[in-house]
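Report on the following structure.
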Amino acid sequence: MTSPVLPLLSVRDLVVRYPARGHSGIPMTAVRGVSLEIAPAGIFGLVGESGSGKSSLAHAILHLSPPAGGEVLFRGQDLAAMKPSQLKAARRNIQLVFQDSLASLSPRRSVLQTLLEPLDHFRIGNPATRAEKAAMALETVGLDPALRHRYPQELSGGQKQRVALARALVAEPDLIIADEPLSSLDVSVQSRIIELILELREKLGVAFLFVSHDLSAVQRLADTVGVMYLGKMVESADTDTLFERPAHPYTRSLMAAVPVADPSHPRPAVLAGEPPSPLTPPSGCVFHMRCGDKIPICSTVVPNETFVCGETGMCEDSRRFKTISHRVRCHLWNVTKT
Amino acid sequence: MNPPVLSIRNLSVSNRRTKQPSAVVQQISFNLNPGEVLAVVGESGCGKTKTAEAIMGLLPRDGWSVQADAIELDGSDLAKLPESGLRRVRGRKISMIFQEPLTALDPVFTAGNQLASIFRRHRGKTRSEAYQCSMEMLSKVGFADTRNVLKSYPHQLSGGMRQRVMIAMAMACRPRVLIADEPTTALDVTTQAQVLDQLTRLGQEYGTSILLITHDPGVVAQYCDRALVMLEGRIVEDANVRDLFARPQHDYTRRLLASVAGVGSG
Ligand SMILES: Nc1ncnc2c1ncn2[C@@H]1O[C@H](COP(=O)(O)OP(=O)(O)OP(=O)(O)O)[C@@H](O)[C@H]1O
Ligand SMILES: Nc1ncnc2c1ncn2[C@@H]1O[C@H](COP(=O)(O)OP(=O)(O)OP(=O)(O)O)[C@@H](O)[C@H]1O
Ligand code: SF4
Ligand SMILES: [Mg+2]
Ligand SMILES: [Mg+2]
């Protein structure tokens, strides 16, 4: 695979494994060989089942938990092989917003201190410009400046979540790995932040790995979307293709389950079948226990990853040149669905 | 019509330490009817969680002042109960799913310990019955390998898994009133559909009324009967869900619903 520009982040065949729980001894593989690339200023939206390994993947990229396999390259360099000085620079350049924003904020630091901390630590700007940068970050996430002297435990859920996002923005990194950064926010605040993130990307060229359950936010924000199920990336494509022509039955189930803001519309149907266990993953396709389209080979043969539409060719579907490939792991990838 | 299960009259909440010009919750009144799912929506910071915590009697008295003419649960006024009485009511008659699961779950006990203890304490089950009930409850909220989840400590679970464990704990005690504060923010939409289905079924099976705090207008439209719209500590609209979407009265409600038109509903 050759890309026109060197990817900012490239993750190859990443595996994350956790030790066994209790006394019975099977370790659990949470991420089972996932690859993805993010271009400079690119926004990759990661969606998928609860427990499918999204946060594990996000943490392993930063080596917060060491990957059991695969590699992570930042600007072509292996993070695991970096010297301490390079690692410090990389840490500044990759910021993580944790899924549990409260747990990640220190109860002893006010909002302002929280935002100044990375600036002081990485010696960004001088004291005057630091205060200015902190104020700008607060504005970006729509937080009232009057809240800057409050402590995290004195803020609402959504206010804390915005402090966590502002802390990542303030260091002006090249990449922000944001794990559900907008999940506690109301629609109007969300919309505003999405607009501002897109603006920042244009202005500063910051790239995002945006993990979210909110498909409409992903649709608005991401250039590329990946869909995870039980530790695997089952589908990925540029955002328009994914939303217009989802090829994997799990992706289609996700889209069908978004509750519609109209009381006369029926409730989303509940997926039939048992969810699979990550301890004893099913044979064949990871989704076969719940898939409405399955055929006999699905329960025995693992579907390969197929390029529905390659990156340097004419896309058969849209008759346009595509820069990003549409990949899917499903035996029925070429069966058209209406 | 049956009397409301929960009736709030003129509830105000203010913080004693930070000298805010106005209370974070100001003179709100509403009823929660038997079997009803009542949504609470409103901007981040408008006072939804503080309202819930005040009803539950969870705001520390040294830091917060809670005033109300009445917080009536099944006819008895919680505002007049001493802390010991409140503790008996909490978990048995009224329970809450917290917005931040990690802070609500005990890090040193397994999910199984925490869930089974509710069945033993509040429902009088034996150790092995409690274990069985815990597994059933976990499969209702979408877990496959329930045994493994029971053995897990909170930090070994994903964000959405923790949230579902907490939902299972809140459902386990079959309360009269369940306050669910953004209970599905960490769930993918297919899991959310299953969990909300189970939650609303609770209402029918055990007669639980639900106060559901959410920022998702889709969730309001699909799973709730009535909705309260809050703005800066006040209730600005209280309407049944069909009317709310067909004829929003307050300006803020109109803006709220306009911002979702066309997004994700294609
Ligand atoms: N620290 C840990 N120790 C052991 N197991 C873990 C740990 N963190 C996560 N897991 C397990 O790894 C699997 C994937 O979890 P992960 O948090 O990556 O999921 P996720 O996709 O982020 O889910 P969600 O959408 O619910 O946040 C789960 O089965 C979880 O129990
Ligand atoms: N300890 C505190 N001291 C002072 N103000 C506080 C404290 N805790 C919360 N607040 C303020 O009270 C207001 C209401 O908070 P609450 O948590 O009820 O909001 P919310 O509606 O639940 O918002 P969200 O949707 O963001 O969770 C917020 O503006 C918050 O900043
Ligand atoms: S491979 Fe088979 S079971 Fe899996 S998603 Fe495709 S059709 Fe469904
Ligand atoms: Mg997660
Ligand atoms: Mg709240």
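Each protein sequence line maps, in turn, to chains A and B. Adding 3 to a residue's 1-based position in the first sequence gives its number in the numbering used here. Adding 657 to a residue's 1-based position in the second sequence gives its number in the numbering used here. Note that CB positions come from ideal geometry on N, CA and C, so glycine has one too.
Problem - Cβ pair count under 8 Å reaching 3, the region 26 to 35 of chain A against the region 192 to 208 of chain A - result: no
Exercise for the section: Give the interface partners of P279 of chain A over in chain B, defined as CB-CB distance under 8 Å, in chain order. Expected result: By Cβ distance, chain B contributes A801.
Exercise for the section: Excluding the 5 residues preceding and the 5 following V289 of chain A in the sequence, name in chain order all residues of the same chain whose CB lies nearer than 6 Å to its CB. Expected result: Y232, L233, K235
Exercise for the section: For chain B, find out if any of its Cβ atoms is closer than 8 Å to the Cβ of V19 of chain A; answer yes or no. Expected result: no
Exercise for the section: Starting from the beta carbon of A850 of chain B, find every residue of chain A whose beta carbon is closer than 8 Å, and list them in chain order. Expected result: Residues of chain A whose Cβ lies closer than 8 Å to the Cβ of A850 of chain B are, in chain order, A260, P262, R270, P271, A272, V273, L274.
Exercise for the section: List the residues of chain B that S191 of chain A touches, going by C-beta distances under 8 Å, in chain order. Expected result: E700, R912, L913, S916
Practice task
In angstroms with no decimal places, state the Cα-to-Cα distance between R78 of chain A and P279 of chain A.
Solution key: Looking at the two C-alpha atoms, the distance is approximately 36 Å.
Exercise for the section: Determine the chain A residues that contact H872 of chain B at a beta-carbon separation under 7 Å, and present them in chain order. Expected result: L188, D189, V190
Practice task
To the nearest angstrom, report how far apart S6 of chain A and L762 of chain B are at their CA atoms.
Solution key: Here S6 of chain A scores only 46 on pLDDT, less than 50, and its place in the model is too uncertain to base an answer on.
Practice task
Answer yes or no: the CB of P69 of chain A versus the heavy atoms of ligand 3, is any distance below 7 Å?
Solution key: no
Exercise for the section: Indicate whether L663 of chain B and S866 of chain B have their beta-carbon atoms separated by less than 8 Å. Expected result: Contact flag set, yes.
Problem - the region 217 to 230 of chain A contacting the region 61 to 69 of chain A, beta-carbon criterion three pairs below 8 Å - result: no
Handout entry: F766 of chain B classed as buried or exposed, judged by whether at least 16 other C-beta atoms fall within 10 angstroms
Key = exposed
Practice task
Mind checking which residues open and close the alpha helix (DSSP H) that includes F902 of chain B?
Solution key: 898 to 903
Handout entry: Contact test: C881 of chain B Cβ vs ligand 3 heavy atom, cutoff 7 Å
Key = Because no heavy atom of ligand 3 lies under 7 Å away, the Cβ of C881 of chain B does not count as near it: no.
Handout entry: chain B within 8 Å of D243 of chain A, Cβ atoms only
Key = Interface annotation, D243 of chain A: not in contact with chain B, CB-CB separation never under 8 Å.
Handout entry: Closer than 7 Å: S107 of chain A CB and nearest ligand 4 heavy atom
Key = In terms of side-chain proximity, the C-beta atom of S107 of chain A is found no nearer than 7 Å to any non-hydrogen atom of ligand 4.
Handout entry: Cβ shell of A787 of chain B (< 6 Å), same chain only, five flanking positions each side left out
Key = A773, F776, R777
Handout entry: Cutoff 7 Å; reference Q849 of chain B; Cβ partners in own chain excluding five residues on either side
Key = T841
Practice task
With a floor of 3 residues, list each beta strand (DSSP E) that falls wholly inside the region 95 to 149 of chain A, ordered by position along the chain.
Solution key: 97 to 100
Exercise for the section: For K106 of chain A, decide whether its Cβ has a neighbour in chain B, counting only Cβ atoms nearer than 8 Å. Expected result: Looking at the sequence shown, residue 106 of chain A is not Lys but Ala. Yes, contact with chain B.
Practice task
Could you tell me whether the Cβ of E52 of chain A comes closer than 8 Å to any Cβ of chain B?
Solution key: Closer than 8 Å: yes.
Exercise for the section: May I ask you to check if the CB of P284 of chain A is nearer than 7 Å to at least one heavy atom of ligand 3? Expected result: Not under cutoff, so the answer is no.
Problem - Proximal chain A residues relative to K808 of chain B, where beta-carbon distance stays under 7 Å - result: R24, G25
Problem - Buried or exposed by the 16-neighbour rule on C-beta atoms within 10 Å, applied to K91 of chain A - result: exposed
Problem - CA-to-CA distance, I298 of chain A to F324 of chain A, given in whole angstroms - result: Residue confidence for F324 of chain A is low, a pLDDT of 48 falling below 50, so the modelled location carries little weight; the figure read from the coordinates is stated next. Approximately 32 Å between the Cα atoms of the pair.
Handout entry: Contact test: G742 of chain B Cβ vs ligand 5 heavy atom, cutoff 7 Å
Key = no
Exercise for the section: Indicate whether at least one CB of chain B lies closer than 8 Å to the CB of R78 of chain A. Expected result: no
Handout entry: Test: L795 of chain B CB closer than 8 Å to a CB of chain A
Key = no
Practice task
Output the distance between the C-alpha atoms of I196 of chain A and D16 of chain A, rounded to the nearest integer angstrom.
Solution key: 32 Å
Exercise for the section: Identify every residue that forms a DSSP beta bridge with M713 of chain B. Expected result: Answer is none; M713 of chain B lacks a bridge partner.
Problem - Per-residue contacts from G208 of chain A into chain B (C-beta, under 9 Å) - result: Chain B residues near G208 of chain A: none, gap ~27 Å exceeds 9 Å.
Problem - Residues within the region 809 to 831 of chain B neighbouring chain A, beta-carbon criterion of under 9 Å - result: S809, Y810, Q813, L814, S815, G816, G817, M818, R819, Q820, R821
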